[in-house]
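Colleague: For reference, the structure I am asking about is given below.
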Amino acid sequence: MNKYIKIILTAIAWGVAIYLIERKKYKKALFFLIKSEKTRKKKDAEILLLKAFLLISTGDKIYAEEVLKPTEEMILNSKILNKHEKIYLNNYRLILLFEIDSEVDMSGLDFSLDHDMVSEHLKNNHPYEKLE
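Take a look at the structure:
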């Protein structure tokens with residue numbers, strides 16, 4: 066498949082997934098997120114966190130836990146995220162883990178972040194209030 070077509074298809078699938086999440090159509094959103102994931106060269110924490118959220122929302126907590134395993138290291142080692150975005154996403158990761166297992170150690174939650182330093186797309190795609 067042509068490289069540019071692949072990029073466009075990935076972006077469309079990602080956009081449709083986000084659109085469907087906003088409408089709480091989680092099963093359909095998961096379908097498009099997986100399509101987007103399959104055409105990406107590399108997985109990142111953002112897509113895995115979103116996938117875990119959708120899996121939890123559709124009742125597949127066991128697979129969601131598997132999906133979350135590499136995300137802590139991905140977040141901490143990211144060269145793209147700033148300090149506050151790393152804290153934000155790690156907190157989100159811990160909240161997802163708590164959704165899976167209420168006995169998860171939540172002592173890693175960090176409230177020292179400055180929300181103004183977190184990009185809007187991260188706050189929109191991974192809002193804490195969706196999990197409450």
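Numbering (my numbering), first residue to last: 66 to 197.
Idealized CB from N, CA, C, for every residue including glycine.
1) Where Ile145 and Ile127 are concerned, what is the direct C-alpha to C-alpha distance, given to the nearest angstrom?
2) Please tell me whether Leu133 and Ala110 are closer than 7 Å, where the distance is taken between their beta carbons.
3) Consult DSSP for Glu102 and reduce its assignment to one of helix, strand or coil.
4) Judging by CA-CA distance, which residue of Lys107, Thr104, Ile121 and Lys71 is the nearest neighbour of Lys92?
5) Roughly how many angstroms lie between the CA atoms of Met139 and Asn147, to the nearest whole one?
6) Within the stretch 109-171, note down every full alpha helix (DSSP H) run reaching 4 residues or more, in order along the chain.
7) Identify which residue in Leu162, Ser172 and Leu178 has its Cα closest to the Cα of Tyr272.
Modeller: Once the coordinates are examined:
1) For Ile145 and Ile127, the distance between alpha carbons rounds to 29 Å.
2) The answer is no: Cβ separation not under 7 Å.
3) Helix.
4) The shortest C-alpha separation from Lys92 is found at Ile121.
5) Approximately 13 Å between the Cα atoms of the pair.
6) Listed in chain order, the complete alpha helix (DSSP H) runs (minimum 4 residues) inside the stretch 109-171 are 110-122, 126-133, 136-142 and 148-165.
7) Outside the shown range of the chain (66 to 197) lies residue 272, about which nothing can therefore be said.
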